[in-house]
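Enquirer:
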Amino acid sequence: MDVTVELKRKRGEILDRLVEIREAQAKLEVQMGALDQVIAIYEPSYVPAGSVTGHKLRNKPQKSPETIEIDTLLRSIEPTNAVLEILREAAAPLTTADCAVRLLQKLGIDHGDARTGRVATRLSSTLDQLMKKGRVRHAGMFDSKRYLWEIAA
Numbered sequence: 006m007d008v009t010v011e012l013k014r015k016r017g018e019i020l021d022r023l024v025e026i027r028e029a030q031a032k033l034e035v036q037m038g039a040l041d042q043v044i045a046i047y048e049p050s051y052v053p054a055g056s057v058t059g060h061k062l063r064n065k066p067q068k069s070p071e072t073i074e075i076d077t078l079l080r081s082i083e084p085t086n087a088v089l090e091i092l093r094e095a096a097a098p099l100t101t102a103d104c105a106v107r108l109l110q111k112l113g114i115d116h117g118d119a120r121t122g123r124v125a126t127r128l129s130s131t132l133d134q135l136m137k138k139g140r141v142r143h144a145g146m147f148d149s150k151r152y153l154w155e156i157a158a
């Protein structure tokens, strides 16, 4: 069996387990919050354990499994450097989606992967930041909706 296939399978198993754990955690936090409310009715001075200076810890919105997977995927690279490298290697200006496809190809992920759209969304903010720093620029529009990007000279 190909080593990369086995590693990707194992990675998928781990990601599935992480999603299960986060879902279980969210359910337990809801239950704990309900218990805290009932206890506070009977004991108004009650301060839930795990609170910070008398205030409950804020619940962060849970990330979707797709977002977790994209975070994990992009953790292995530096998006800013990767985008700059992709634009330098390109023979012509690229759309954000084209940059995402090329980035996924560099990571060994097939063309047409379902995660391309989410990666493009992440790269869009990276490209905007680079434009503010003067490192990339718009080189026109593609189909009158999407920007074409190139390295700023």
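Going by the working numbering, the sequence shown runs without a break in its numbering and finishes at 158. C-beta: ideal position from N, C-alpha, C; glycine also. Predicted model, so just to flag it, every value in this text is computed and none were measured.
Taking the alpha helix (DSSP H) that Leu78 belongs to, which residues open and close that run?
Expert: To locate residue 78, count along the sequence shown from 1; it is residue 73. Start and end: 70 to 80.
Enquirer: Under the rule that 16 or more other beta-carbon atoms within 10 Å means buried, what is Asp115, buried or exposed?
Expert: Residue 115 sits at position 110 when you count from the first residue of the sequence shown. So Asp115 ends up on the exposed side.
Enquirer: If you check the beta carbons only, do Ala125 and Ala97 fall under 8 Å apart?
Expert: The residue given as residue 125 occupies position 120 in the sequence shown. The residue given as residue 97 occupies position 92 in the sequence shown. Contact flag unset, no.
Enquirer: Within a Cβ cutoff of 7 Å, which residues of the same chain sit near Thr131, ignoring the five residues on either side of it in sequence?
Expert: As a working note, residue 131 is residue 126 in the sequence shown. Closer than 7 Å at the Cβ level, and outside the excluded window around Thr131, lie Pro84, Thr85, Val88.
Enquirer: Going by DSSP, name the residue or residues bridged to Met146.
Expert: In the sequence shown, residue 146 corresponds to position 141, counting from 1. According to DSSP, which records beta bridges pairwise, Met146 is partnered with Tyr152.
Enquirer: Going by Cα to Cα distance, which pick from Thr72, Leu128, Ile156 is closest to Val141?
Expert: Reading the sequence shown from its first residue, position 136 is the one you call residue 141. The shortest C-alpha separation from Val141 is found at Ile156.
Enquirer: Closest to Arg107 by CA distance: which of Gly122, Leu12, Ile91, Asp76 is it?
Expert: Here residue 107 refers to the residue found at position 102 of the sequence shown. Here the closest residue by C-alpha is Ile91.
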